[in-house]
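With our numbering applied, the sequence shown covers 9 to 377.
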Amino acid sequence: MTVRQVINPGTLLWRVHPAGLGPAEFESGEARFSPHHEAALVEALVPDPKFTSTGRRVLPRELLEGKVASALRTRTELIVARLPFGADPAGADLEGVSGLAPSGGVGAVPLRNGGGVGAVPPRNGGGVGAVPPQNRVTPPIHGVSWPSERAMPHQMIVLFGHRCPPDALAPDRPIALDDEDGMRWLSGVLAPYRVELSGPAKPGPPLVFINYRTTGGTQEVYWLDDELRRRLGEHAVFRDHRSLRAGREFGPELLRNARGAKVMLAVIGERWDRTFDDRGRRLIDDSSDWVRREVAEALAHGVHVVPVLVGLRPKLDADALPEDIRKLAGLQVLHLRHRSTERDVASLVDQLFDEVPLLARAHAEYAAS
Numbered sequence: 009m010t011v012r013q014v015i016n017p018g019t020l021l022w023r024v025h026p027a028g029l030g031p032a033e034f035e036s037g038e039a040r041f042s043p044h045h046e047a048a049l050v051e052a053l054v055p056d057p058k059f060t061s062t063g064r065r066v067l068p069r070e071l072l073e074g075k076v077a078s079a080l081r082t083r084t085e086l087i088v089a090r091l092p093f094g095a096d097p098a099g100a101d102l103e104g105v106s107g108l109a110p111s112g113g114v115g116a117v118p119l120r121n122g123g124g125v126g127a128v129p130p131r132n133g134g135g136v137g138a139v140p141p142q143n144r145v146t147p148p149i150h151g152v153s154w155p156s157e158r159a160m161p162h163q164m165i166v167l168f169g170h171r172c173p174p175d176a177l178a179p180d181r182p183i184a185l186d187d188e189d190g191m192r193w194l195s196g197v198l199a200p201y202r203v204e205l206s207g208p209a210k211p212g213p214p215l216v217f218i219n220y221r222t223t224g225g226t227q228e229v230y231w232l233d234d235e236l237r238r239r240l241g242e243h244a245v246f247r248d249h250r251s252l253r254a255g256r257e258f259g260p261e262l263l264r265n266a267r268g269a270k271v272m273l274a275v276i277g278e279r280w281d282r283t284f285d286d287r288g289r290r291l292i293d294d295s296s297d298w299v300r301r302e303v304a305e306a307l308a309h310g311v312h313v314v315p316v317l318v319g320l321r322p323k324l325d326a327d328a329l330p331e332d333i334r335k336l337a338g339l340q341v342l343h344l345r346h347r348s349t350e351r352d353v354a355s356l357v358d359q360l361f362d363e364v365p366l367l368a369r370a371h372a373e374y375a376a377s
């Protein structure tokens, strides 16, 4: 018996996806969700589990690298065809689905057009009240749903990109699964399913992320990196060329650390917003410019961003900045003189710790360890 199911606007759906893929983007034309975060995680991460001698399932930590669990809210009403337990969603015949379950959240009722007692006769065969075929409206089917086999009795949903409105899903909140906080949350969610993480824990997000442009000199940046690591610890500071590992996809790593840091230092030299491409366009105006993307990611996720002006560099003009980083111009700045020495950089860090107590506390804890 074919069943339609209505997903009302405002419904929260969860999915697991690569960090380089947007939460609302479709991979290979489709995306897999569940209204239950447990089901989304188990179906995505524990497809063929290995068991320990105590009967627990093992999830290697390395499989979490670059993965994100995202919650999204539906913006429009979506309709899916409900499949029976064990059905293959890839083989669903969406064109043959007819009828509509009443709205009321994620749920479905059987159609009454399959014949037998209680069947509703079609109204397109002629006679009084018949609806001409050309006037009949069939609501679109946006995907399929079925009972999860690994996280019963929860439900899984596949939405097809070409069938869904472009603004059907709004990202609500992301959780990086490959950092300390994400793994702690994941362990708690998977514990009732007898799943445990194996392998060494990965260092959590950095305390400080250093954002800078390589043109115009980087010696001050290197000294700043060294001084912060001396006071806070090796893994507490992220600077791209030192922190990124060979062979890793750098884009997702940069953005994950930019949004996960407690503090971002935006080191702004004379050419920070005055570097141009071969067509004479400012790099900062290019939405793919990584200096801009890092700052925008940090601002969007509430990171404490501190602009550090180098030399006689004037403050930023908000009207001359792209919308996603315009807030940077209104933030209180620190200054680092041109041709700075290591002592100058140490003084800047002293001032930074005075201005940001979080870092002063972290320094005290590191020094006492």
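Backbone N, C-alpha and C define an ideal beta-carbon position, used for all residues, glycine too.
Measure the alpha-carbon distance for residue i versus residue j and round it to whole angstroms.
i, j, result
"Thr19", "Thr82", "5 angstroms"
"Ala306", "Gly268", "8 angstroms"
"Tyr201", "Val311", "34 angstroms"
"Ser251", "Pro174", "36 angstroms"
"Trp231", "Leu329", "28 angstroms"
"Arg301", "Val271", "16 angstroms"
"Leu339", "Glu51", "44 angstroms"
"Val128", "Gly196", "With a pLDDT of only 38 at Val128, under the threshold of 50, the placement of this residue in the model should not be trusted; the figure read from the coordinates follows. Each residue's alpha carbon lies about 48 angstroms from the other."
"Gly378", "Cys172", "Since the first and last residues shown for the chain are 9 and 377, residue 378 lies out of range."
"Phe217", "Asp297", "17 angstroms"
"Glu242", "Tyr374", "11 angstroms"
"Ser3", "Phe168", "The structure shown does not extend to residue 3, since the chain spans only 9 to 377, so no value can be given for it."
"Arg282", "Arg290", "6 angstroms"
"Val353", "Pro322", "19 angstroms"
"Asp233", "His249", "11 angstroms"
"Asp148", "Gly37", "In the sequence as presented, Asp is not what sits at residue 148; that position holds Pro. Each residue's alpha carbon lies about 17 angstroms from the other."
"Glu33", "Ala27", "11 angstroms"
"Leu91", "Asp189", "36 angstroms"
"Gln359", "Trp193", "35 angstroms"
"Val357", "Leu324", "22 angstroms"
"Ser355", "Leu320", "18 angstroms"
"Glu257", "Thr223", "23 angstroms"
Check whether the Cβ atoms of residue i and residue j sit closer than 9 angstroms, and answer yes or no.
i, j, result
"Pro31", "Pro182", "yes"
"Leu67", "Glu204", "yes"
"Ser348", "Glu228", "yes"
"Asn219", "Ala274", "yes"
"Arg23", "Ala77", "yes"
"Arg345", "Val318", "yes"
"Arg65", "Met191", "no"
"Ile87", "His150", "yes"
"Val299", "Arg221", "yes"
"Ser156", "Gln13", "no"
"Asp332", "Ala372", "no"
"Arg244", "Leu263", "The question names Arg, yet the displayed sequence has Ala at residue 244. Not in contact: Ala244 and Leu263 (Cβ atoms no closer than 9 angstroms)."
For residue i and chain D, any beta-carbon pair shorter than 9 angstroms?
i, result
"Ala328", "Protein chains in the displayed structure number just one, and chain D is not present."
What do you get for residue i, buried or exposed, if any count of 16 or more other CB atoms within 10 angstroms of its CB means buried?
i, result
"Asp180", "exposed"
"His44", "buried"
"Asp187", "buried"
"Pro130", "Interpretation of Pro130 is limited by its pLDDT of 42, a score under 50 that renders its predicted location unreliable; no figure is taken from the coordinates."
"Ala176", "buried"
"Gly288", "exposed"
"Ala199", "exposed"
"Phe75", "According to the sequence shown, residue 75 is Lys rather than Phe. Flag for Lys75 reads buried."
"Ala266", "buried"
"Ala308", "exposed"
"Arg40", "buried"
"Leu80", "buried"
"Ala178", "exposed"
"Phe361", "buried"
"Arg247", "buried"
"Leu367", "buried"
Which residue or residues does DSSP assign as beta-bridge partners of residue i?
i, result
"Thr82", "Leu177"
"Glu38", "Glu35 and Phe168"
"Gly151", "Val88 and Leu167"
"Lys75", "Pro26"
"His309", "His309 pairs with nothing; no bridge assigned."
"Asn219", "Ala274"
"Pro68", "Ser206"
"Leu344", "Val318"
"Ala370", "According to DSSP, Ala370 bridges with nothing at all."
"Arg290", "Phe284"
"Pro182", "Ser78"
"Phe246", "Phe217"
Determine the closest residue to residue i out of the options, with distance taken between C-alpha atoms.
i, options, result
"Ala370", "Leu236, Pro174 and Leu167", "Leu236"
"Ala376", "Thr283, Arg40, Gln340 and Leu240", "Leu240"
"Ile165", "Val316, Leu21, Leu71 and Gln340", "Leu21"
"Gly277", "Leu360, Asp189 and His343", "His343"
"Gly207", "Pro26, Leu72 and Ala354", "Leu72"
"Leu49", "Pro322, Asp285 and His25", "His25"
"Thr226", "Leu194, Trp193, Val245 and Trp280", "Trp280"
"Ala337", "Asp189, Val316 and Ser355", "Val316"
"Thr84", "Asp327, Asp286 and Asn16", "Asn16"
"Ala326", "Leu356, Glu350 and Ile292", "Ile292"
"Ala89", "Met160, Val11 and Val54", "Val11"
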